[in-house]
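Peer 1: By the count of our numbering, the sequence shown reaches residue 267 at its end, each step adding exactly one.
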Amino acid sequence: MISQEIIDLYDEYTHQPLSRHEFLQRLAQIAGGAAAAALLLPLLEPRYIPLAPTDSDKIFTEYGHYTGVNGQMQAYIARPKAKKAYPTVIVIHENRGLTPHIEDVARRVAQAGFLAVAPNALSPLGTQPADEDEARQLFTTLAAEDNLQNFLRAFDYIATRKDSNQSIGCVGFCWGGLMANTLATKVPTLKAAIGFYGRQPALEAVPNIRAAIQLHYASLDTRVNEGAAAYEEALKAAHIEHEIYWYENAQHAFHNDTSVARYDASAAQLAWQRSIAFFQKHL
């Protein structure tokens, strides 16, 4: 079993300005040497396995494009194959762009009967690096306000799609969890927002929320959890409909099944069941 100290170090590496060289040095110190660190790396870093086209006879996928504030935005689209208008879910990735994992999440949304739209924040840079270190580094070059505006423009893009019935929700993971929370404070027509282990929005903006909110927190995710209590109090004070779930002994990114060390199958499955039920209720 990988120690919590190592998990916390990897979390610091993926979310703070910590170079790979420093990360590997500290990992080697904790693990007891470079050889031991090399054995741990495959358990910590994502493993994207090419997936068979699940329900390919039932799911339609494509890449859509719309104009962002600083360039063209690309979005992965997934929906049931039947041509009609569906309730729509914006799927918001982590801090490394539109990875195969997030595309898989979009397909899961489609399998549940929704239109999934998953924009790529890295689109204006013209690249989606397969290397996660490079993708994370590119993320640091993006302006926060540009990111917000580009995701707000996703609503305009959805308005042009005949396969959306304009009943819209969103779900985000980590960086995307914060974006989902923030969109809820900015878009009064948003009906449901779900955040997986994401930071909280500006508390003074919480009264602006009109969407129903569902939050999933991992008990061992101390970095994100620091703001959870204050957010819950703000939601209560503003009389915002909300559900908050805590997953004991779960790590940050517990829903990401490409991460051997942090994925928690039981927590992930339960959280996803709750998410789909929430969208079915509100969309």
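We put the beta carbon where it would ideally sit given N, CA and C, even for glycine.
1) For the putative contact between residue 171 and residue 139, defined by C-beta atoms under 8 Å, what is the C-beta separation to the nearest angstrom?
2) Thinking residue 164 and residue 181 are a contact (beta carbons under 8 Å), I'd like their distance in whole angstroms, please.
3) By Cβ distance, which residues of its chain are closer than 8 Å to residue 52, with the 5 residues on each side in sequence left out?
4) Does the beta-carbon of residue 79 have 16 or more other beta-carbons within 10 angstroms, so that it is buried, or is it exposed?
5) In three-state DSSP terms, what is residue 75?
6) Tell me, please, which residues DSSP counts as bridged to residue 193.
7) What are the start and end residues of the beta strand (DSSP E) that includes residue 150?
8) Counting C-beta neighbours from all protein chains within 10 Å, is the total for residue 191 16 or more, i.e. buried, or is it exposed?
9) With residue 50 and residue 57 assumed to form a contact (beta carbons below 8 Å), what rounded beta-carbon distance in angstroms separates them?
10) In this structure, does DSSP put residue 181 in helix, strand or coil?
11) Under 7 Å between C-beta atoms, does residue 82 make it to chain B?
12) Using 8 Å as the threshold, is the segment 232 to 244 in touch with the segment 199 to 219, meaning 3 or more CB pairs across them?
13) Using 7 Å as the threshold, is the C-beta distance between residue 60 and residue 102 below it?
14) At the level of alpha carbons, what is the spacing between residue 76 and residue -7?
15) For the segment 114 to 146, list the alpha helix (DSSP H) runs that are entirely contained and at least 4 residues long, ordered along the chain.
Peer 2: This is what the structure gives:
1) By one-based count along the sequence shown, residue 171 stands at place 187. By one-based count along the sequence shown, residue 139 stands at place 155. Residue 171 to residue 139, Cβ: 6 Å. Contact.
2) As a working note, residue 164 is residue 180 in the sequence shown. As a working note, residue 181 is residue 197 in the sequence shown. About 11 Å separates the two Cβ atoms, so there is no contact after all.
3) Translated into positions along the sequence shown, residue 52 becomes position 68. Once the five neighbours on either side are set aside, the close Cβ partners of residue 52 are 107, 108, 130, 133, 134 and 137.
4) Here residue 79 refers to the residue found at position 95 of the sequence shown. Under this definition residue 79 is a buried residue.
5) On the sequence shown, position 91 is the one that residue 75 refers to. Reduced to three states, the DSSP call for residue 75 is strand.
6) Position 209 of the sequence shown holds residue 193. Answer is none; residue 193 lacks a bridge partner.
7) Counted from its first residue, the sequence shown places residue 150 at position 166. From DSSP, the beta strand (DSSP E) with residue 150 extends over 148 to 157.
8) By 1-based counting over the sequence shown, the position of residue 191 is 207. By the neighbour-count rule (16 or more Cβ atoms within 10 Å), residue 191 is not buried but exposed.
9) On the sequence shown, position 66 is the one that residue 50 refers to. On the sequence shown, position 73 is the one that residue 57 refers to. Correct: roughly 5 Å between the Cβ atoms.
10) Here residue 181 refers to the residue found at position 197 of the sequence shown. In the structure shown, residue 181 sits in coil (DSSP, three-state: anything other than H, G, I, E or B).
11) Among the protein chains of the structure shown there is no chain B, as only one such chain exists.
12) yes
13) For the purposes of this step, residue 60 is taken as the residue at position 76 of the sequence shown. For the purposes of this step, residue 102 is taken as the residue at position 118 of the sequence shown. A contact, by the Cβ cut-off of 7 Å.
14) Here residue 76 refers to the residue found at position 92 when the sequence shown is read from its first residue. Here residue -7 refers to the residue found at position 9 when the sequence shown is read from its first residue. The straight-line gap from Cα to Cα measures roughly 24 Å.
15) 116 to 123 and 128 to 143
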